[in-house]
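Q: For what it's worth, the working numbering labels the leading residue of the sequence shown as 10, then goes sequentially. Even for Gly, the Cβ is constructed at its ideal location relative to N, Cα and C. Values in this document were obtained by computation on a predicted structure and should not be read as measured data.
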Amino acid sequence: MPREIVTGNGNCLVAIDKNNMLQDLYFPYVGMEDHISFKHMHRMGVYMDNQFSWLYESSWKHKTSYIEDALVTDAEIKNEKLQLDIHLNDFVYPDANVFLRKLTIHNNSDRDRNVKVFFSQDLHIYGDKQQDTAFYEPEYKAVIHYRKNRYFLVSGMYGDKQGIDSFATGKSEYRGLEGTWRDAEDGHLQEGPIDQGSVDSTVEFDLPIKGNSKAVLYFWICAGKNRKEVMDLHNFILIESPERLLGNTINYWHSWVNKEKHQLSHVTEEIKRRYKQSLLITRTQIDNRGAIIAANDSDIMKFNKDTYTYMWPRDGAWVALSLDHAGYGEISKRFFKFCADVMNEDGYLFHKFNPDKSLGSSWHPWYKDGKKHLPLQEDETAIVLYALGKHFEYYGDIEFIQEMYIPLIRPAGNFITQYIDFKTNLPLPCYDLWERIHGVFAYTAASIYAGLKGAAYLCKKIGHFNHNRRYNAAAENIKEAILTYLYDEEKQRFLSRIIFNPETGEITKDYTIDASMHGLWMLGVLPPDDPRVINTNKAIYETLKVNTHVGGLARFENDDYQRVSGDYRGIPGNPWIITTLWHAQWLIALAKTKEDLKPVDTILRWTMGHMNKAGILPEQFSPFTGEHLSVAPLTWSHSTFVETVLQYNKKIEELEA
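1. What did DSSP end up calling Phe-245 once you bin it into helix, strand or coil?
2. If you pair each beta-carbon of the segment 233-244 with each one of the segment 47-66, do three or more pairs fall below 8 Å?
3. Just to confirm my understanding: we take Asn-267, look at its own chain, exclude 5 residues before and 5 after, and list those with CB closer than 6 Å. What are they?
4. Does the Cβ-Cβ distance between Lys-346 and Val-225 come in under 8 Å?
5. By the three-class DSSP mapping on this structure, what secondary structure does Asn-583 have?
6. Below 6 Å CB to CB, which residues in the same chain sit around Pro-217 once its five sequence neighbours on both sides are set aside?
7. So, helix, strand or coil for Cys-21, using DSSP?
8. Compare the Cα-Cα distances from Gly-369 to each of Val-351, Lys-377, Tyr-376 and Asp-378 and report the closest residue.
9. Could you check whether the segment 93-105 touches the segment 200-214, counting it as contact only if at least three pairs of C-beta atoms, one from each stretch, sit closer than 8 Å?
10. Count the CB pairs spanning the segment 316-325 and the segment 383-397 that are closer than 8 Å, and state whether there are at least three.
11. Between the segment 175-182 and the segment 198-206, do three or more beta carbon pairs fall short of 8 Å?
12. Taking the alpha-carbon positions, what's the Ile-76 to Asp-83 distance?
13. Inspect the CB distances between the segment 468-477 and the segment 509-524 and report whether three or more fall short of 8 Å.
14. Considering just the uninterrupted stretch of the alpha helix (DSSP H) at Lys-660, what are its terminal residues?
15. Measuring alpha carbon to alpha carbon, tell me which of Ile-586, Ser-631 and Pro-632 ends up nearest His-647.
16. Excluding the 5 residues flanking Val-640 on each side, which residues of the same chain have their C-beta closer than 6 Å to its C-beta?
17. What does the Cβ neighbour count give for Asn-20, buried or exposed, with the cut at 16 atoms within 10 Å?
18. Would you list the one or two residues that DSSP bridges to Met-166?
19. Hey, quick one: how far does the alpha helix (DSSP H) through His-473 stretch, first residue to last?
20. Could you check which residue in Lys-399, Tyr-160, Asp-365 and Ser-175 has the C-alpha nearest to that of Pro-147?
21. Going straight from the alpha carbon of Asn-423 to that of Ala-464, what length do you get?
22. Please state if the CB of Gly-338 and the CB of Tyr-403 are separated by a distance shorter than 8 Å.
23. At the level of alpha carbons, what is the spacing between Val-534 and Gly-618?
24. Pick out whichever of Asn-486, Trp-69 and Tyr-261 has its Cα sitting closest to the Cα of Lys-462.
25. Can you tell me whether Val-23 is buried or exposed? The criterion is at least 16 other CB atoms within 10 Å of its CB, across all chains shown.
26. Quick check on the burial criterion: 16 or more other C-beta atoms within 10 angstroms. Buried or exposed for Asp-119?
27. For His-527, collect the residues of the same chain with a Cβ closer than 6 Å to its Cβ; drop the 5 residues on either side in sequence, then sort them by chain order.
28. According to DSSP, Tyr-335 sits in a beta bridge with which residue or residues?
29. Thinking C-alpha only, which one of Thr-453, Leu-289, Ile-418 and Phe-503 is nearest Lys-470?
30. Count the other C-beta atoms from every protein chain shown that fall within 10 angstroms of the C-beta of Thr-291, then say buried if there are 16 or more, exposed otherwise.
31. Rounded to the nearest angstrom, what separates Ile-246 and Val-152 at their Cα positions?
32. Would the segment 122-140 count as touching the segment 186-199 if we require 3 or more Cβ pairs under 8 Å?
33. How far does the alpha helix (DSSP H) with Asn-556 in it extend, from its first residue to its last?
34. If we ignore side chains and look at the alpha-carbon of each, how far apart do His-382 and Pro-374 end up?
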């Protein structure tokens with residue numbers, strides 16, 4: 010189930026499902042150490058009038074969105090049978106690792122009622138369930154979970170009453186025991202004070218609510234690395250008050266998302282609103298130490314026992330480009346520093362990284378066809394150089410570029426200059442940006458051209474003129490080779506891939522239409538109105554458009570990733586957000602009149618129409634139902650929407666000038 014909504018602060022990220030249950034809790038890194046873990050959740054339920062109900066049951070109706078311009082949820086939860094409504098605000102405080110829930114509970118009955126609210130904590134500290142301890146802390150009226158250097162304190166308050174009213178700690182997922190959350194279903198907790206091993210906890214708050222009246226309950230989880238840290242956070246909440254923290258959080262994110270210089274005066278209010286939501290959602294997926302994480306939805310685990318919770322240099326660089334364009338260069342700088350820190354000594358970036366800068370998992374082999382094999386997607390190195398060059402164009406931070414020269418610019422520039430087949434001047438074979446196949450790709454070659462141009466530009470700015478000339482010359486050789494070998498005269502369009510036989514020198518052409526060929530104009534190899542680009546992009550659109558009521562563009566022909574049940578005859582694959590928006594960006598680049606921009610407006614409305622109520626975008630959709638597939642939110646989807654809106658607004662401004 011792709012996530013319904015997310016909130017975080019760059020150290021702590023919480024992902025919530027459509028029933029407002031906590032599904033993922035990352036700390037202290039965004040994208041690493043999910044302390045709820047795949048297939049598990051933190052439950053929320055109520056007991057009144059001798060009946061119990063979990064809020065994920067079908068009798069509850071949920072509508073979940075954000076408070077405008079803030080990473081604070083705004084959920085309406087209703088149960089007509091129980092005559093109970095709950096207005097829920099969830100948030101992570103920007104400057105402290107605390108997750109808070111504000112529940113405004115409306116008793117719609119004429120009778121006074123005592124409403125018990127239960128929260129279960131199914132923590133999997135460090136991602137699994139062993140060697141944990143959960144205990145009741147009587148002084149603070151809280152339950153604390155801990156293991157090694159990870160501590161989580163659970164408490165709350167209503168009115169002037171601080172702390173939980175009852176609790177249970179006990180075994181969970183062990184010898185047939187489901188957990189203490191089952192203990193809540195009779196409305197009474199057994200108050201076991203401590204347990205260890207595979208454990209969970211449940212806490213209770215007892216709220217007397219008069220007929221046709223409401224009560225406010227605050228619940229929180231403090232995350233820290235020792236007992237004192239979480240207790241200090243608990244005291245911080247009590248001193249400041251949860252309501253003040255809520256107000257501070259709303260004000261902070263409102264200031265953050267409205268600080269940028271782009272006023273978007275030429276787009277509709279709906280586009281502007283969704284643009285700002287996408288900026289905020291993008292920020293939740295970025296760790297404060299620089300890692301731009303692809304996605305943090307753990308449900309993808311069911312497909313390959315792995316996740317998207319990694320920093321792919323490619324995804325990160327494209328996201329950084331959008332953030333720079335939007336005015337958030339301080340985030341991009343941390344990303345570039347991260348890349349410099351993880352750069353291989355030979356000058357390339359590996360497949361993907363964990364947010365603590367350790368090497369991520371990979372399926373690219375080191376040994377292939379009886380030989381040593383470099384497990385490389387070369388575009389991931391090159392695109393970082395291109396993005397860094399654009400960063401300097403926006404901000405002119407010469408000291409930062411000087412700082413990046415030795416650890417990033419020079420080694421990466423030297424590597425991609427040398428990782429060349431000097432018979433053709435094309436890059437040596439590597440894996441494509443979709444991480445599937447091996448060969449020489451138009452997109453990869455374009456990214457290397459752009460990366461070398463970026464490196465040359467930066468070297469000139471800081472006085473390294475020999476490297477400037479060397480990188481420029483290599484870039485021009487790459488461009489000439491692209492036009493020579495990757496353009497097909499017969500088809501009058503570019504090829505997505507060619508395959509070299511190193512023994513015979515024979516070249517095999519791959520005629521598969523692939524949306525990544527947009528990189529040829531996006532990365533500056535040719536202008537967008539070059540006839541060769543036009544023919545190629547027309548072929549992309551005609552071949553990859555999804556001819557169902559859902560619409561959009563697939564990645565490439567016969568894409569079978571994340572296919573769902575249904576008849577795919579005539580459907581190239583599932584529609585992706587980024588590929589569809591690349592087409593929109595090309596139309597923007599071509600536009601000579603405002604009339605030319607009408608198809609762009611259609612694509613932007615298509616994108617917004619496939620967001621959920623909170624503005625979340627996944628990686629891809631079902632071509633039959635429009636259902637969100639794979640992971641959500643996907644950071645690259647949101648940043649591409651941001652970039653497209655910025656380009657659209659600028660083009661209208663130019664046309665009206």
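A: Short version:
1. helix
2. no
3. none
4. no
5. coil
6. Asn-123
7. coil
8. Val-351
9. no
10. yes
11. yes
12. 6 Å
13. no
14. 644-665
15. Ile-586
16. Ala-304, Asp-306, Ile-309, Tyr-317 and Glu-628
17. buried
18. Gln-171 and Tyr-227
19. Note, His-473: premise wrong, no alpha helix (DSSP H); not H, not E.
20. Ser-175
21. 10 Å
22. yes
23. 33 Å
24. Asn-486
25. buried
26. exposed
27. Trp-591
28. The identity of residue 335 in the sequence shown is Ala, whereas the question assumes Tyr. BP columns for Ala-335 are empty, so no partner.
29. Ile-418
30. buried
31. 16 Å
32. yes
33. Counting along the chain, Asn-556 falls outside any alpha helix (DSSP H), and DSSP gives it neither H nor E.
34. 7 Å
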